[in-house]
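First up is the structure itself, then whatever we jot down about it.
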Amino acid sequence: MSEPLFSFGKMQEVLILAPYRRDADYVRQLLLAHEIDASVATDSDTLADQLRGVPGVLVATHEALKPEVLETVAAHLEAQPSWSELPVVVLLDKNARTETLRLHLNRVWPRARQLFYHRPVRPAELISGVQSGLLARRRQQDLYENLEREVELRRELNHRVKNILASVTSIFEMTARQAASLSDLKQDFRGRLSALAGIHSTVFDAAGEQVSMSEVAALILEPYRREGAYRIRASGPDVPLNREAATTLALCLHELATNAIKYGALSVDDGNVDLIWSHSQTSGELALSWIECGGPPAKEPSRLGYGTRYLRSAMTMFFGNPPTFEYTVEGFRFSAKGNISRPN
Amino acid sequence: MTRSANRRMRIFYLEDNPLIAFHVEQLVEDLGHTYVGSLDSFKALKLQFENYSMDVALIDVDLADGRTGPHAARWLKDRKIPCLFLTGQDHIAADAGDIALGTISKPVSLQSLADGLLLVPE
Chain A
1 MSEPLFSFGK MQEVLILAPY RRDADYVRQL LLAHEIDASV ATDSDTLADQ
51 LRGVPGVLVA THEALKPEVL ETVAAHLEAQ PSWSELPVVV LLDKNARTET
101 LRLHLNRVWP RARQLFYHRP VRPAELISGV QSGLLARRRQ QDLYENLERE
151 VELRRELNHR VKNILASVTS IFEMTARQAA SLSDLKQDFR GRLSALAGIH
201 STVFDAAGEQ VSMSEVAALI LEPYRREGAY RIRASGPDVP LNREAATTLA
251 LCLHELATNA IKYGALSVDD GNVDLIWSHS QTSGELALSW IECGGPPAKE
301 PSRLGYGTRY LRSAMTMFFG NPPTFEYTVE GFRFSAKGNI SRPN
Chain B
1001 MTRSANRRMR IFYLEDNPLI AFHVEQLVED LGHTYVGSLD SFKALKLQFE
1051 NYSMDVALID VDLADGRTGP HAARWLKDRK IPCLFLTGQD HIAADAGDIA
1101 LGTISKPVSL QSLADGLLLV PE
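See below:
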């Protein structure tokens, strides 16, 4: 996280500008008695520094409003972030012409919530004016935090969208390289994209963005089961998976299923597939097997397709070691295992 | 073509999205370089660094162990391995600008990868 643009250190503290010592002490004591922190600006040289600490409210007496003070405060108001509006309480002389001063201050101190009281001011009145200023400050702080959160969310959203686009780009490139015809490309790309879309929705809908291995298997394999002729049995314990793990496993299961349909056990009516997994909660090891039987004998391809190469590369990354591909007379077998709670 | 564009490099990739890693592996080979492998976290890199010989490392910002890409780049730089960020988090990569040679934005293309690799000194 980058440093905040503005510090809130003293946004609940009152800064008092009163050249007459007794006035300053009086106001300070009054505020402290009401549990409001306050500090006194003793001269206009240190005023700029004190303003940099961002006061919650500025209380100024009439006689404090000298040109250099007006200028220093104006510079601070100018530099405020857009959500900030400094509450200012001005204590006027008894016979002051309020309207003239009000107009003047409105002009030289823009973006300040100004309150005017004539002296002598009743303590209760002053306190309530300061408290309403502090409350306004708290609202401004809420606004600031919401704005910050929105910036953060937009960044996160942008990051996720970019990642998804990058994934889709990679799927497209991988599919396009492999495809022998436009209709191959369409079919394979559509299948991979819908596996990606499906797992995205499943993870998004899940509480805490965690899904179980069974949910992933059901999502990817269900469409093939519904087609009736296919028999895919999936069995294993509940293993919680985060978004990345669920996405990788979903795409890999999709590759296994489409391979089985094109060349393996699911290319014939009598074939079936067992997807079996086990998980050790103590070691964190997940072991996964995809066993085809009843189909044509599996022959090791002379050249691996991109789907299979992706499977190998993704599973190696996921489990921390390469998976096994077996081409037997009974059919194709795939197995992978590794510690999925590897130290992260 | 410059000389460095013709140079065959051994390229390693730190990335936690296997799809993108696989795609980049293909692109690296298309460019005539050698892809020496990928790992998904800074932690894994520290444990397995000795198993890889690399001339340059491509690094994502967010990895399986968090936003550790910049730390990994610093760690590799200390071991005299030049790094390029390959990420969608351009603003974070930019903050860590002094650690890496540059940033390749996601999604990556053959051209953007080739351009990025030109930054690797001979």
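These protein sequence lines are chains A and B, in that order.
The numbers in this note's numbering rise by one with no breaks, and the one at position 254 of the first sequence is 254.
With positions in the second sequence counted from 1, the corresponding number in this note's numbering is that position plus 1000.
For every residue, glycine included, the Cβ atom is placed at its ideal position computed from N, Cα and C.
Here the structure is a predicted model, which means the values were calculated and not measured.
Item: Quick check on residue 138 of chain A: does DSSP put it in helix, strand or coil?; Value: helix
Item: Can you tell me which of the three DSSP states residue 242 of chain A falls into?; Value: coil
Item: So what does DSSP say about residue 317 of chain A, is it helix, strand or coil?; Value: helix
Item: Excluding the five sequence neighbours on either side, which residues of its own chain have a C-beta within less than 6 Å of the C-beta of residue 51 of chain A, listed in chain order?; Value: 76
Item: Quick check on the DSSP output: the alpha helix (DSSP H) that includes residue 1070 of chain B runs from which residue to which?; Value: 1069 to 1078
Item: Taking DSSP as the reference, what is the three-state secondary structure of residue 274 of chain A?; Value: strand
Item: Are residue 14 of chain A and residue 24 of chain A close, meaning C-beta to C-beta below 8 Å?; Value: no
Item: Helix or strand or just coil, what does DSSP make of residue 112 of chain A?; Value: strand
Item: Give the straight-line distance between the Cα atoms of residue 294 of chain A and residue 180 of chain A, rounded to the nearest whole angstrom.; Value: 28 Å
Item: Taking Cβ positions only, does residue 159 of chain A come closer than 8 Å to chain B?; Value: yes
Item: Strictly under 8 Å for the Cβ-Cβ distance: is residue 212 of chain A near chain B by that measure?; Value: no
Item: DSSP has residue 118 of chain A in a bridge; who is on the other side?; Value: A/92
Item: Could you please give me the residues that DSSP links to residue 189 of chain A through a beta bridge?; Value: DSSP output for residue 189 of chain A lists no bridge partner at all.
Item: May I ask you to verify whether the stretch 159 to 171 of chain A touches the stretch 1017 to 1033 of chain B, counting CB pairs closer than 8 Å and requiring at least 3?; Value: yes
Item: For residue 201 of chain A, count neighbouring C-beta atoms within 10 Å of its own C-beta (all shown protein chains included) and say buried if the count is 16 or more, exposed if not.; Value: exposed
Item: Would you call residue 1115 of chain B buried or exposed, if buried means 16 or more other Cβ atoms sit within 10 Å of its Cβ?; Value: exposed
Item: Tell me the DSSP secondary structure of residue 259 of chain A in three-state form.; Value: helix
Item: Assign residue 1084 of chain B to one of two classes, buried (16 or more other C-beta atoms within 10 Å of its C-beta) or exposed (fewer than that).; Value: buried
Item: Helix, strand or coil for residue 1053 of chain B? Go by DSSP, reduced to three states.; Value: coil
Item: For residue 1105 of chain B, list the residues DSSP reports as bridge partners.; Value: B/1087
Item: What's the gap between the Cα of residue 58 of chain A and the Cα of residue 80 of chain A?; Value: 14 Å
Item: Answer with yes or no whether the minimum CB distance from residue 222 of chain A to chain B is below 8 Å.; Value: no
Item: For a contact defined as C-beta to C-beta under 7 Å, what are the partners of residue 261 of chain A on chain B?; Value: Within 7 Å Cβ-Cβ: nothing; residue 261 of chain A doesn't reach chain B, min ~21 Å.
Item: Could you name the residues that DSSP lists as bridge partners for residue 149 of chain A?; Value: BP columns for residue 149 of chain A are empty, so no partner.
Item: Between residue 251 of chain A and chain B, is there a C-beta pair that is closer than 8 Å?; Value: yes
Item: Can you tell which of B/1062, B/1007 and B/1030 has the C-alpha that lies nearest to the C-alpha of residue 1040 of chain B?; Value: B/1062
Item: Anything in the stretch 1080 to 1094 of chain B with a Cβ closer than 8 Å to a Cβ of chain D? List those residues in chain order, please.; Value: Absent from the structure is chain D; the protein chains it does hold are A and B.
Item: Measuring alpha carbon to alpha carbon, tell me which of A/330, A/252 and A/98 ends up nearest residue 315 of chain A.; Value: A/252
Item: For chain A, check one thing: does any of its Cβ atoms lie closer than 8 Å to the Cβ of residue 1058 of chain B?; Value: no
Item: Check whether chain B comes within 8 Å of residue 189 of chain A, counting only Cβ atoms and requiring the distance to be less than that.; Value: no
Item: Going by the CB atoms, is the gap between residue 1060 of chain B and residue 1009 of chain B shorter than 8 Å?; Value: no
Item: Cβ of residue 1018 of chain B within 8 Å of Cβ of residue 313 of chain A?; Value: yes
Item: Taking Cβ positions only, does residue 244 of chain A come closer than 8 Å to chain B?; Value: yes
Item: Assuming residue 114 of chain A and residue 126 of chain A are in contact, meaning their beta carbons sit under 8 Å apart, how far apart are those beta carbons, in whole angstroms?; Value: Contact flag wrong, Cβ pair sits at about 14 Å.
Item: Beta strand (DSSP E) containing residue 1133 of chain B: first to last residue?; Value: Lying before the first or after the last residue shown, residue 1133 of chain B is absent from chain B, which here runs from 1001 to 1122.
Item: Which class does residue 124 of chain A belong to by DSSP, given the choice of helix, strand or coil?; Value: helix
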